[in-house]
Amino acid sequence: MPEQMDSILTNDIRDICIIGSGLSGLCCSRNLAKLGFKVHIIEQLNTLGGLVRSAKIGDEYVELLPHHLRKTDRSLLQLCKEVGIKDKINWHDSLWQGRASNRKIGYFDGGFNDLTNALSQDITDNGGVFYYSTVATEIVYNSQASGIQSSGSDEKTKRFCVKCILNNNTKFKLYCDFVVFTGPCNQVLTNSPSIPLPKEYKKSLKSMRYSSKFSLMLLLKKNPSELYFRYLEDSNIPFSYIVNHSTCFGERKYGGHLVYLVGDVDSDGPLWTEDDETIKKLYVNAFQKLYPSIKKSDIKSWRLTKCKFAAADEFPQVEIVNPISGLYLCSPAVISASIDKKLDNRMEYAVKLSEVVANNIVSTVRQERLNDVSNTMRKAIRDII
0 MPEQMDSILT
10 NDIRDICIIG
20 SGLSGLCCSR
30 NLAKLGFKVH
40 IIEQLNTLGG
50 LVRSAKIGDE
60 YVELLPHHLR
70 KTDRSLLQLC
80 KEVGIKDKIN
90 WHDSLWQGRA
100 SNRKIGYFDG
110 GFNDLTNALS
120 QDITDNGGVF
130 YYSTVATEIV
140 YNSQASGIQS
150 SGSDEKTKRF
160 CVKCILNNNT
170 KFKLYCDFVV
180 FTGPCNQVLT
190 NSPSIPLPKE
200 YKKSLKSMRY
210 SSKFSLMLLL
220 KKNPSELYFR
230 YLEDSNIPFS
240 YIVNHSTCFG
250 ERKYGGHLVY
260 LVGDVDSDGP
270 LWTEDDETIK
280 KLYVNAFQKL
290 YPSIKKSDIK
300 SWRLTKCKFA
310 AADEFPQVEI
320 VNPISGLYLC
330 SPAVISASID
340 KKLDNRMEYA
350 VKLSEVVANN
360 IVSTVRQERL
370 NDVSNTMRKA
380 IRDII
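Quick note: the sequence shown, position 361, residue 360 per numbering that gives the first Met the number 0, numbers continuous.
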């Protein structure tokens, strides 16, 4: 957990707008809500979780993109302990092809839905508010905002205004002291064109590129392999790796054997705009070549997930967690260029970075409050003199 605020700050309520309810957004929201901030979470979908969001398959909630826990996820495991779900983690032996042949990986009783539910419950218990099916269209300084129904407390004193639109085209504005952006970092340039970001930050944000992925979830009548993870380097195969969920974590309650086919895809290419059925046929045909025993009649159901901003391919050249006062970027993609490789485990970094951001905001509030006290004292002395 982030550092606690001084008692001098306990009655100084600040509004914070968190854009995005993925793991970074949920962790940031929880940290700040527990510290006494009024947290507003904007989510463009009707469900939370971001890259770890789940869907109900049979009687089980399952992630749309495959995820698991590692023994080295110290920050993430500590978070699970804090929200009371560490005892729901079970550790399993897993067989991998192309990497370490055997490793212990963890999974929750109810999937990662256990984690997102626990975090969201902690947030709402501490006064946080979720705005689902809502898009943050622009971040502006409060002095530039006008003409739309507002939301938030004491709006005249707030630093930022976040313009929002619901999926029914209703517009409103959230007034806040801080904004934490957890989505694709280069979209900050689109969302805040009027905010004077320093040139080096703009250049770094513009240079960022994200990889896109398709994840085809297949519910099968039978198990195709004893491997949990199979990495593929065949250019004739449209997906990059196969994750056999059931092999490692059991058949559970989804009514079959669950397999993910995950592939990198060019979001500017023709395949990205193809309909789901066409992509499914392409992936299934390649899958059957790898596992001829699997027939089309063995597929009980399927679901395709398109993720345009799955991971950053490059790190920024400058530190951009806090480009200007009050605005924070909380995403593993903004970690300093001192890390010269792709993050192998973005969930762990998301938890760590959310603590950094929360501590930074607490320090800022403390300094602002102390400055206010100092100014008040100086004014009182001048009045006496």
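Idealized CB from N, CA, C, for every residue including glycine. Source: prediction; values computed, not measured.
Exposure label - residue i; buried when at least 16 CB within 10 Å
| i | result |
| --- | --- |
| residue 115 | buried |
| residue 246 | buried |
| residue 185 | buried |
| residue 24 | buried |
| residue 165 | exposed |
| residue 204 | buried |
Rounded straight-line distance, which links the Cα of residue j to that of residue i
| i | j | result |
| --- | --- | --- |
| residue 139 | residue 190 | 9 Å |
| residue 194 | residue 308 | 23 Å |
| residue 60 | residue 244 | 13 Å |
| residue 12 | residue 354 | 19 Å |
| residue 20 | residue 108 | 22 Å |
| residue 132 | residue 42 | 6 Å |
| residue 112 | residue 49 | 11 Å |
| residue 119 | residue 29 | 8 Å |
| residue 330 | residue 70 | 22 Å |
| residue 163 | residue 169 | 8 Å |
| residue 91 | residue 102 | 8 Å |
| residue 305 | residue 297 | 24 Å |
For residue i, three-class secondary structure by DSSP
| i | result |
| --- | --- |
| residue 75 | helix |
| residue 165 | strand |
| residue 145 | At residue 145, the pLDDT of 49 sits below 50, so the modelled position is not reliable and the matter cannot be decided from this model. |
| residue 283 | helix |
| residue 369 | helix |
| residue 24 | helix |
| residue 133 | strand |
| residue 350 | helix |
| residue 234 | coil |
| residue 177 | strand |
| residue 321 | coil |
| residue 50 | helix |
| residue 345 | helix |
| residue 69 | coil |
| residue 329 | coil |
| residue 360 | helix |
| residue 229 | strand |
| residue 172 | strand |
| residue 157 | coil |
8 Å contact criterion, which residue i and residue j should meet: CB distance rounded
| i | j | result |
| --- | --- | --- |
| residue 56 | residue 39 | The pair is not a contact, with the Cβ atoms about 31 Å apart (cut-off 8 Å). |
| residue 285 | residue 238 | 7 Å |
| residue 385 | residue 258 | As displayed, the chain neither begins before 0 nor continues past 384, which places residue 385 out of reach and without an answer. |
| residue 15 | residue 33 | Going by Cβ atoms, the distance from residue 15 to residue 33 rounds to 12 Å, so no, they are not a contact pair. |
Contact test: residue i Cβ vs the ligand GDP heavy atom, cutoff 7 Å
| i | result |
| --- | --- |
| residue 124 | What this structure holds is no ligand at all, so the ligand GDP is not there to describe. |
Worksheet item: Fully enclosed by the region 76-129, which beta strand (DSSP E) runs are 3 residues long or longer?
Response: 88-96 and 101-107
Worksheet item: Can you give, in chain order, each stretch of the beta strand (DSSP E) that sits fully within the region 190-227 and has at least 3 residues?
Response: 209-219
Discussion item. What ranges does the beta strand (DSSP E) occupy inside the region 244-307, keeping only unbroken runs of at least 3 residues that lie completely in it?
Written reply: 256-264
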